[in-house]
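Working notes, structure below.
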Amino acid sequence: MKTAHYFQIRSILVCLTALLIAEPVLAIPAQNKWVVENQYIKLVMIARTPEQMAAFYEARGFPKTAIQALGQMCFITTSLRNKSQKVIWMTLANWKFTSKQGPLKRFHRNELKARWQKIGLAQQYQSTFRWTLIPEVLDYRPGEREGGNFVLQRTAEPFSFQAQFAIGAEEDGQSFSVQIKDLRCAED
(Lines of atoms letter the chains of each structure in order from A and count residues from 1; the text may use other names and numbers.)
(Lines give C-alpha, C1' and ligand atoms only; values in the text may rest on other atoms or scores of the structure.)
Protein backbone atom coordinates (compact mmCIF):
# COMPACT_ATOMS: atom_id res chain seq x y z
CA MET A 1 0.00 0.00 0.00
CA LYS A 2 1.35 3.39 -1.00
CA THR A 3 1.41 6.11 1.61
CA ALA A 4 0.40 9.75 1.36
CA HIS A 5 4.11 10.59 1.63
CA TYR A 6 4.77 8.58 -1.55
CA PHE A 7 2.13 10.57 -3.45
CA GLN A 8 3.52 13.89 -2.20
CA ILE A 9 7.02 12.99 -3.38
CA ARG A 10 5.65 11.73 -6.69
CA SER A 11 3.72 14.98 -7.23
CA ILE A 12 6.81 17.06 -6.51
CA LEU A 13 8.91 14.99 -8.91
CA VAL A 14 6.31 15.30 -11.66
CA CYS A 15 6.21 19.09 -11.23
CA LEU A 16 10.01 19.37 -11.21
CA THR A 17 10.29 17.21 -14.31
CA ALA A 18 7.71 19.35 -16.10
CA LEU A 19 9.64 22.50 -15.20
CA LEU A 20 12.93 21.04 -16.41
CA ILE A 21 11.64 19.88 -19.78
CA ALA A 22 9.23 22.72 -20.48
CA GLU A 23 10.27 24.99 -23.32
CA PRO A 24 10.17 28.67 -22.48
CA VAL A 25 7.40 30.53 -24.28
CA LEU A 26 8.08 34.07 -25.46
CA ALA A 27 11.21 34.53 -23.35
CA ILE A 28 11.79 38.23 -22.76
CA PRO A 29 15.14 39.93 -22.19
CA ALA A 30 15.30 41.78 -18.87
CA GLN A 31 15.47 45.17 -20.58
CA ASN A 32 11.91 44.70 -21.90
CA LYS A 33 10.34 44.25 -18.45
CA TRP A 34 9.31 46.91 -15.96
CA VAL A 35 7.86 46.44 -12.47
CA VAL A 36 6.17 48.97 -10.19
CA GLU A 37 5.12 47.97 -6.71
CA ASN A 38 3.61 49.97 -3.88
CA GLN A 39 1.32 49.26 -0.92
CA TYR A 40 -1.68 48.82 -3.24
CA ILE A 41 -0.53 47.05 -6.40
CA LYS A 42 2.19 45.19 -8.22
CA LEU A 43 2.22 46.16 -11.89
CA VAL A 44 4.40 44.31 -14.40
CA MET A 45 4.82 45.41 -18.02
CA ILE A 46 6.57 43.35 -20.68
CA ALA A 47 7.16 44.73 -24.18
CA ARG A 48 6.58 42.10 -26.87
CA THR A 49 8.50 42.00 -30.14
CA PRO A 50 6.65 42.04 -33.47
CA GLU A 51 7.98 38.52 -34.07
CA GLN A 52 6.52 37.27 -30.78
CA MET A 53 3.12 38.73 -31.56
CA ALA A 54 3.19 37.42 -35.12
CA ALA A 55 4.04 33.92 -33.87
CA PHE A 56 1.26 34.02 -31.26
CA TYR A 57 -1.44 35.07 -33.71
CA GLU A 58 -0.12 33.03 -36.63
CA ALA A 59 -0.38 29.92 -34.43
CA ARG A 60 -4.06 30.77 -34.02
CA GLY A 61 -4.63 30.93 -37.77
CA PHE A 62 -4.62 34.69 -38.34
CA PRO A 63 -4.26 35.66 -42.01
CA LYS A 64 -1.12 37.34 -43.32
CA THR A 65 -2.81 40.77 -43.69
CA ALA A 66 -3.64 40.82 -39.98
CA ILE A 67 -0.15 39.60 -39.02
CA GLN A 68 1.39 42.44 -41.07
CA ALA A 69 -0.88 44.99 -39.36
CA LEU A 70 0.14 43.65 -35.93
CA GLY A 71 3.81 44.23 -36.77
CA GLN A 72 3.14 47.96 -37.02
CA MET A 73 1.85 48.13 -33.44
CA CYS A 74 3.59 48.17 -30.06
CA PHE A 75 2.28 45.45 -27.73
CA ILE A 76 2.86 45.52 -24.01
CA THR A 77 1.62 42.70 -21.84
CA THR A 78 0.66 43.82 -18.38
CA SER A 79 -0.17 42.04 -15.17
CA LEU A 80 -1.68 43.86 -12.23
CA ARG A 81 -2.20 42.40 -8.76
CA ASN A 82 -4.15 44.10 -5.99
CA LYS A 83 -2.02 43.79 -2.84
CA SER A 84 -4.42 45.75 -0.64
CA GLN A 85 -7.59 44.90 1.21
CA LYS A 86 -9.52 47.50 -0.80
CA VAL A 87 -11.00 47.51 -4.29
CA ILE A 88 -8.63 49.11 -6.82
CA TRP A 89 -9.99 50.46 -10.11
CA MET A 90 -7.94 50.30 -13.28
CA THR A 91 -9.24 52.55 -16.05
CA LEU A 92 -7.11 52.57 -19.19
CA ALA A 93 -8.42 56.04 -20.10
CA ASN A 94 -6.36 57.18 -17.07
CA TRP A 95 -3.16 55.66 -18.49
CA LYS A 96 -0.99 58.21 -20.30
CA PHE A 97 2.05 57.49 -22.47
CA THR A 98 4.39 60.31 -23.42
CA SER A 99 7.55 60.51 -25.52
CA LYS A 100 9.76 63.54 -26.17
CA GLN A 101 7.52 64.20 -29.18
CA GLY A 102 4.38 64.38 -27.01
CA PRO A 103 1.51 62.01 -26.19
CA LEU A 104 1.77 58.47 -27.55
CA LYS A 105 -1.47 56.96 -28.78
CA ARG A 106 -2.94 53.94 -27.03
CA PHE A 107 -5.43 52.17 -29.25
CA HIS A 108 -8.82 51.63 -27.62
CA ARG A 109 -10.28 48.17 -28.25
CA ASN A 110 -13.07 49.76 -30.33
CA GLU A 111 -10.49 51.33 -32.66
CA LEU A 112 -8.79 47.98 -33.08
CA LYS A 113 -12.13 46.31 -33.79
CA ALA A 114 -12.85 48.90 -36.49
CA ARG A 115 -9.40 48.29 -37.99
CA TRP A 116 -10.06 44.53 -38.13
CA GLN A 117 -13.47 45.05 -39.69
CA LYS A 118 -11.97 47.38 -42.30
CA ILE A 119 -9.57 44.67 -43.51
CA GLY A 120 -12.34 42.05 -43.37
CA LEU A 121 -10.87 39.97 -40.54
CA ALA A 122 -13.20 37.06 -39.73
CA GLN A 123 -15.15 37.35 -36.47
CA GLN A 124 -13.39 34.35 -34.92
CA TYR A 125 -10.04 36.16 -35.19
CA GLN A 126 -11.50 39.42 -33.91
CA SER A 127 -12.76 37.53 -30.85
CA THR A 128 -9.40 35.87 -30.29
CA PHE A 129 -7.65 39.23 -30.50
CA ARG A 130 -10.17 40.84 -28.15
CA TRP A 131 -9.66 38.27 -25.37
CA THR A 132 -5.91 38.95 -25.37
CA LEU A 133 -6.48 42.62 -24.50
CA ILE A 134 -6.62 43.89 -20.95
CA PRO A 135 -10.12 45.27 -20.21
CA GLU A 136 -10.66 49.02 -20.56
CA VAL A 137 -12.04 49.22 -17.01
CA LEU A 138 -11.67 46.66 -14.26
CA ASP A 139 -12.18 46.54 -10.52
CA TYR A 140 -9.53 44.47 -8.76
CA ARG A 141 -10.75 42.82 -5.58
CA PRO A 142 -8.28 42.19 -2.73
CA GLY A 143 -5.68 39.68 -3.91
CA GLU A 144 -7.01 39.60 -7.47
CA ARG A 145 -4.63 39.47 -10.44
CA GLU A 146 -5.54 40.18 -14.06
CA GLY A 147 -3.60 40.91 -17.18
CA GLY A 148 -3.58 41.25 -20.92
CA ASN A 149 -2.13 43.32 -23.72
CA PHE A 150 -2.55 46.96 -24.50
CA VAL A 151 -1.55 48.37 -27.86
CA LEU A 152 0.30 51.59 -28.62
CA GLN A 153 1.46 53.29 -31.77
CA ARG A 154 4.93 51.91 -32.48
CA THR A 155 7.83 54.23 -31.71
CA ALA A 156 11.60 53.77 -31.59
CA GLU A 157 11.91 56.37 -28.83
CA PRO A 158 11.68 55.72 -25.10
CA PHE A 159 8.49 56.88 -23.46
CA SER A 160 7.04 57.33 -20.00
CA PHE A 161 3.88 55.90 -18.48
CA GLN A 162 1.68 57.49 -15.85
CA ALA A 163 -1.54 56.03 -14.49
CA GLN A 164 -4.11 57.05 -11.94
CA PHE A 165 -5.95 54.36 -9.93
CA ALA A 166 -9.09 54.89 -7.86
CA ILE A 167 -9.64 53.11 -4.55
CA GLY A 168 -12.99 51.97 -3.16
CA ALA A 169 -15.93 49.78 -4.14
CA GLU A 170 -17.60 52.68 -5.97
CA GLU A 171 -14.39 54.48 -6.99
CA ASP A 172 -15.24 56.84 -4.17
CA GLY A 173 -12.13 56.61 -2.03
CA GLN A 174 -8.65 57.94 -2.44
CA SER A 175 -6.57 57.56 -5.54
CA PHE A 176 -2.91 57.00 -6.27
CA SER A 177 -0.67 57.21 -9.29
CA VAL A 178 2.26 55.23 -10.61
CA GLN A 179 4.90 56.19 -13.12
CA ILE A 180 7.47 54.33 -15.21
CA LYS A 181 10.13 56.10 -17.23
CA ASP A 182 12.05 54.84 -20.24
CA LEU A 183 9.65 52.21 -21.51
CA ARG A 184 10.33 51.02 -25.04
CA CYS A 185 8.54 49.11 -27.74
CA ALA A 186 10.41 45.83 -28.19
CA GLU A 187 12.23 45.25 -31.47
CA ASP A 188 12.93 41.97 -33.24
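Residue numbers (my numbering): 136 to 323. Even for Gly, the Cβ is constructed at its ideal location relative to N, Cα and C.
In the structure shown, residue 202 falls within a helical segment according to DSSP collapsed to helix, strand and coil. The segment 198–216 and the segment 253–261 touch, with no fewer than 3 CB-CB distances between them shorter than 8 Å. Residue 181 is not a Cβ neighbour of residue 285, given a cutoff of 8 Å. By the Cβ neighbour-count rule, residue 280 is exposed, with fewer than 16 other Cβ atoms within 10 Å of its own.
Counted as a single uninterrupted DSSP element, the alpha helix (DSSP H) harbouring residue 244 occupies residues 244–253.
Residue 166 is positioned such that its CB atom lies no closer than 8 Å to that of residue 219. Around the beta carbon of residue 266, fewer than 16 other beta carbons lie within 10 angstroms, which makes this residue exposed. With a threshold of 16 other beta carbon atoms within 10 Å, residue 183 meets it and is buried. Beta bridge pairing from DSSP links residue 209 with 287. Listed in chain order, the non-local C-beta contacts of residue 239 below 8 Å within the same chain comprise 232, 233, 287, 288, 290, 294, local neighbours out to five positions each way being set aside.
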